[in-house]
Amino acid sequence: MNAFKRDKKEEEEGGGNPFQNLEKTTVLQEARTFNDTPVNPRKCAHILTKILYLLNQGEQLGTTEATEAFFAMTKLFQSRDVVLRRLVYLGIKELSSLAEDVIIVTSSLTKDMTGKEDLYRAAAIRALCTITDGGMLAAIERYMKQAIVDRSPAVSSAALVSSLHLTSVSSDIARRWAYEAQEALNSTNVMVQYHALGVLYQARKTDKLAVIKLVAKLMRTSPKSPYAACMLIRMACKLLEDMEEGEDSMLGFIECCLRHKSEMVVYEAAHALVNFGKSGLKEIGSAISVLQLFCGSPKPALRFAAVRTLNKVAMTHPAAVTACNLDLENLITDSNRSIATLAITTLLKTGAESSVDRLMKQIATFVSEISDEFKVVVVQAIRALCQKFPRKHTVLMNFLSAMLRDEGGLEYKAAIADTIIAVMEGNAEAKEAGLAHLCEFIEDCEHISLAVRILHLLGQEGPTSKQPSRYIRFIYNRVILESASVRAAAVTALARFAAACPPLLPNVLVLLSRCQLDSDDEVRDRAAYYCTILQEQNDPTVLPLIQPPLFSVPSLERALRNYMKTPMEEPFDISEVPPAQTIEEPAQVEIHTTIKPQQPRLTREESFIEKLSQIPPIASIIRGSSLLKSSSVFELTESETEYNVKCIKHTFAEHLVLQFDCINTLSDQFLEDVKVSIEANEYYTVLCEVPCPRLSYNEPGTTYTVLAYPEDVHASVATMPTTLRFMARDCDPTTGVPDTDQGYCDEYMLEDLEITIADQIRGVGSRGVDFGALWDASAAKGYAKLEETFVLGDTVTSLEGAIQSLTGFLGLEAVERSDRVHPGSASHNLLLSGVFRGGKEVLARARLALSDNQVTMQLTVLCPDPDVAELIVSSVG
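The letter at position 60 of the sequence shown is residue 60 when you use full-length UniProt numbering, and the numbering goes up by one with no holes.
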């Protein structure tokens with residue numbers, strides 16, 4: 001008893017992990033104890049535990065070290081100590097992939113698995129199957145079949161699970177042992193029945209009819225094992241995804257499982273019904289009723305499972321979850337913070353607009369009690385609520401502002417700032433309040449990266465607010481009180497106010513002149529730069545010199561190098577530099593709130609330029625020319641055809657480079673000299689074709705065609721037939737080796753290639769200049785102006801649809817967020833901007849009116865080239 005008390009005291013004093021300071025070399029030297037005679041079970045078990053600990057902590061053993069330890073460990077088979085023997089089996093499993101000649105213990109493991117000691121047999125089976133390869137499988141197959149139907153549940157389960165793992169060695173193992181698994185399915189042990197069902201499914205999963213028969217048979221008898229019942233529900237759901245007949249019986253079985261005596265099965269059935277896409281409201285309603293009962297369960301695991309599932313259902317069927325709101329409100333005060341957080345976020349998704357105020361009061365005290373991780377989840381739910389009820393932005397933003405004043409880390413504060421910014425972008429009425437909240441926040445913001453971001457936002461949005469001068473004080477305070485990075489961002493924000501708001505120019509110049517005395521080099525340089533520009537130029541065109549560049553530095557560097565290779569008789573045109581749009585990435589499901597430093601990477605256009613410049617025939621044509629834009633990928637074939645061809649159009653000032661990405665889906669054909677021939681019309685000229693030398697089965701290849709744009713811009717919009725031409729050679733489907741040296745020429749018709757006006761225009765959305773001032777300045781320069789009125793087609797029945805259709809068709813980009821339509825509005829002004837190939841600026845103004853589901857548009861276009869302006873207007877017509 002005294003010893004126990006002493007151990008407890010040592011634990012309270014912080015004894016910690018006894019294995020935390022282990023050294024691999026020392027432990028391996030201790031392993032020599034395994035060779036002692038007689039074996040000391042207690043000492044060896046302790047050393048073996050150390051080895052297993054090191055391996056599971058990621059310690060790397062060399063092949064020699066692992067082999068020596070493994071063979072020393074095999075000497076422990078002479079001991080009859082149960083604990084030591086089971087540790088030996090674990091050691092074999094861990095070292096089998098590292099050591100050499102592990103197959104030597106096969107006979108010992110086989111002896112143990114067929115012995116009379118059940119404690120050894122199950123572990124021996126698992127260890128033996130870990131080291132078994134294809135050559136050994138036949139030798140142990142008889143023993144494995146006997147073990148599957150063994151009277152001991154532990155042995156039977158071990159054999160069944162091991163047979164599933166052995167499918168990686170031989171794919172037909174489950175099918176060969178299906179008879180024994182069928183016998184094991186009749187076992188009274190719940191785990192044996194569950195594992196046997198897994199083996200049977202593995203054996204029949206490639207045969208849909210066999211799986212249907214298995215599921216139908218078990219639906220009638222209903223497995224006694226709750227684990228097997230859960231697996232059966234999942235099998236039924238997988239079948240339902242592809243079935244068109246017989247759905248009623250399977251759905252009826254799943255609904256019947258809602259009344260199962262096991263809570264595990266009841267939850268699995270409810271989860272299956274709410275996640276099955278073809279379930280009707282009736283089935284979802286019955287499942288939600290069950291989940292509602294679980295919300296009041298005394299078991300935390302059931303409450304958590306129920307509220308997590310209801311949280312997911314609220315995304316697709318919020319009305320169905322509304323019946324559970326009272327139960328969810330009771331969970332707000334749950335002692336388990338995970339359950340409480342999920343309950344709150346679910347209520348935020350299902351609550352009505354009238355209940356928002358009450359809900360905010362309810363969670364106000366709760367938010368202060370949870371960790372930052374849970375607070376971020378709540379903030380994301382509030383963000384979705386702001387989008388759902390835009391009229392409640394005042395209440396929600398006040399709540400977020402209060403959260404900003406609380407203690408919290410960068411991720412938490414960044415999530416709130418992101419939400420406020422998102423509300424401002426989606427609701428123009430929330431802009432003033434959002435800027436005010438952010439201004440108050442940066443007064444006490446301790447996170448430099450977040451303060452810099454908010455100052456950048458103030459510099460963008462503040463000048464266009466109702467009272468721009470009110471933000472100057474907050475920004476200048478940062479110059480006085482903050483670190484160098486924040487001071488530099490504040491100087492830039494002040495300069496933007498001066499450029500966009502002429503009445504503020506004199507006062508801001510005084511502030512910027514003081515900043516030239518700053519102790520930091522960058523702050524001084526920025527202040528001097530902005531003062532010089534603002535003093536020398538007082539017109540709307542000064543703002544682009546103050547705004548951050550709309551292009552990446554590598555793009556600008558490449559364009560300048562190309563310009564230096566020319567005679568440089570004309571001034572450098574910065575409008576030809578591609579915009580800084582990063583390579584498209586898959587959309588993220590989660591809302592990322594952590595501000596992380598951006599890793600420099602090539603833009604999408606830069607990556608294409610890098611690739612094209614490495615192809616000599618194309619490099620000689622495009623040398624000295626900048627890439628205007630690259631189109632999105634579009635297909636010239638159906639996805640299920642024998643040859644798949646996708647196209648990307650790269651637009652330069654005088655040339656169009658067509659990139660064709662091809663895939664050969666025929667395993668018995670090998671293609672050579674693959675190219676896409678274009679039947680160009682009388683206006684276009686094919687300058688060169690770069691074929692793909694070889695195209696093996698299912699391996700992508702690329703071929704290029706370069707066209708010269710016609711001098712007449714009106715003829716640049718065209719449709720041309722395309723044909724895939726190649727030399728085909730028959731080959732062995734398994735090896736891909738051609739059967740003969742001779743092939744035959746063949747061709748495959750593709751979809752027509754369309755060259756549109758959108759391919760020749762790059763949208764420029766974030767100019768940062770007042771569009772009205774830019775429009776007036778362009779008109780004063782003598783830009784050609786064309787105006788036309790159109791009635792849009794029957795497919796366009798809303799202002800949002802008209803905006804999307806027009807921007808997509810013309811390739812122009814909306815400025816000043818004019819692509820956002822106020823809800824319920826019957827008219828709208830869309831402001832568009834872009835650059836036509838050759839650096840010709842294009843400005844457009846579309847006045848849209850909606851009447852009786854028909855949209856009327858008055859389009860006005862400004863462009864220095866009248867032919868381009870006429871082409872744009874005529875293309876719409």
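Ideal Cβ positions, reconstructed from N, Cα and C, are used throughout, including at glycine. Treat the numbers as computed from the prediction; the structure is a model and nothing was measured.
Going by DSSP in three states, residue i sits in which element: helix, strand or coil?
i	result
ALA728	strand
HIS271	helix
ILE103	helix
ASP746	strand
residue 878	Nothing about residue 878 can be reported from this structure: the residues present for the chain run from 1 to 877 only.
residue 882	Residue 882 is absent from the model: the chain starts at 1 and stops at 877.
residue 878	Since the first and last residues shown for the chain are 1 and 877, residue 878 lies out of range.
ALA236	helix
ASN336	coil
ARG514	helix
residue 880	No statement about residue 880 is possible, as the shown extent of the chain runs from 1 to 877 and does not include it.
PRO41	helix
VAL706	strand
ARG32	helix
ILE420	helix
ILE125	helix
ILE92	helix
LEU22	coil
ILE51	helix
residue 894	The structure shown does not extend to residue 894, since the chain spans only 1 to 877, so no value can be given for it.
LEU61	coil
LEU258	helix
PRO733	coil
Could you check which residue in the options has the C-alpha nearest to that of residue i?
i	options	result
ARG42	GLU68, LEU61, LEU76	LEU76
THR100	LEU119, THR64, ARG80, ALA123	Note that residue 100 is Glu in the sequence shown, not Thr. Among LEU119, THR64, ARG80, ALA123, the Cα nearest to that of GLU100 is on THR64.
ALA216	ALA229, ASP661, THR206	ALA229
ALA272	LEU293, PRO506, ARG234, ARG308	ARG234
VAL835	LEU850, ALA869, SER805, ILE803	ALA869
ALA559	GLY839, GLN387, ALA139	GLY839
SER805	GLN760, ARG126, ARG837, VAL855	VAL855
PHE304	ALA343, ILE288, ALA319, CYS324	ALA343
residue 886	CYS501, LEU512, SER469, ARG453	Because the chain spans 1 through 877 in this model, residue 886 falls outside it and cannot be assessed.
ASP518	CYS662, VAL508, SER825, VAL479	VAL479
PHE670	SER626, THR723, PRO738, GLY701	PRO738
LEU200	GLU183, MET424, THR188	GLU183
CYS324	LEU511, TYR89, THR346	THR346
PRO463	PHE399, VAL508, SER225	VAL508
VAL821	SER833, LEU810, ILE803, LEU160	ILE803
THR188	PRO153, MET219, ASP172, LEU214	PRO153
ALA784	ASP712, LEU326, ILE761, VAL873	VAL873
PRO860	LEU328, GLN202, LEU832, LEU214	The question names Pro, but residue 860 is Thr in the sequence shown. Selected option, being the one with the closest Cα: LEU832.
From the DSSP secondary-structure annotation, give me the bridge partner or partners of residue i.
i	result
ARG308	Per DSSP, none; premise fails for ARG308.
GLU788	LEU859
GLY701	CYS662
SER851	GLN854
MET720	LEU753
LEU831	ARG845
ARG762	VAL835
LEU695	LEU671
Does the structure place the stretch 662-674 close enough to the stretch 690-704 that three or more beta carbon pairs sit under 8 angstroms? Segment contact: the stretch 690-704 against the stretch 662-674, three or more CB-CB distances shorter than 8 angstroms; contact assigned.
Taking 8 angstroms as the cut-off, does the stretch 775-784 touch the stretch 732-750 (at least 3 CB pairs, one atom from each stretch)? With a cut-off of 8 angstroms, the stretch 775-784 and the stretch 732-750 do not count as touching, because too few Cβ pairs lie within range.
Touch check for the stretch 741-755 and the stretch 809-821: three-plus C-beta pairs under 8 angstroms? Taking 8 angstroms as the limit for Cβ pairs, the verdict is that the stretch 809-821 does not touch the stretch 741-755.
Every unbroken beta strand (DSSP E) within the stretch 615-693, with a cutoff of 3 residues, ordered by chain: You should have 643-651, 655-664, 669-678, 685-690.
Is it true that the stretch 84-99 meets the stretch 140-155, where meeting means three or more beta-carbon pairs spaced less than 8 angstroms apart? Because the criterion of three Cβ pairs below 8 angstroms is not met, the stretch 84-99 and the stretch 140-155 do not touch.
4-residue-minimum alpha helix (DSSP H) runs that sit fully inside the stretch 150-225, ordered along the chain: Within the stretch 150-225, the complete alpha helix (DSSP H) runs of at least 4 residues are 153-165, 173-176, 178-184, 190-204, 208-221.
Taking contact to mean at least 3 C-beta pairs separated by less than 8 angstroms, is the stretch 481-498 in contact with the stretch 518-527? Short answer: they touch.
Can you check the stretch 443-509 for any beta strand (DSSP E) of at least 3 residues that lies completely inside it and give the ranges in chain order? For the stretch 443-509, not a single whole beta strand (DSSP E) run of length 3 or above is found.
Counting only runs of 4+ residues fully inside the stretch 791-823, write out the alpha helix (DSSP H) ranges in chain order. Every unbroken stretch of the alpha helix (DSSP H) spanning 4 or more residues and falling wholly within the stretch 791-823 is given here in chain order: 799-810.
When you compare the stretch 636-646 with the stretch 609-618, are there three or more beta-carbon pairs, one atom per stretch, that lie closer than 8 angstroms? Not touching, per the Cβ criterion.
The stretch 133-140 in contact with the stretch 174-185 per 3-pair CB rule at 8 angstroms: Because the criterion of three Cβ pairs below 8 angstroms is not met, the stretch 133-140 and the stretch 174-185 do not touch.
Given 8 angstroms, three or more beta-carbon pairs between the stretch 404-420 and the stretch 375-391: Taking a contact to require three or more Cβ pairs closer than 8 angstroms, the stretch 404-420 and the stretch 375-391 qualify as touching.
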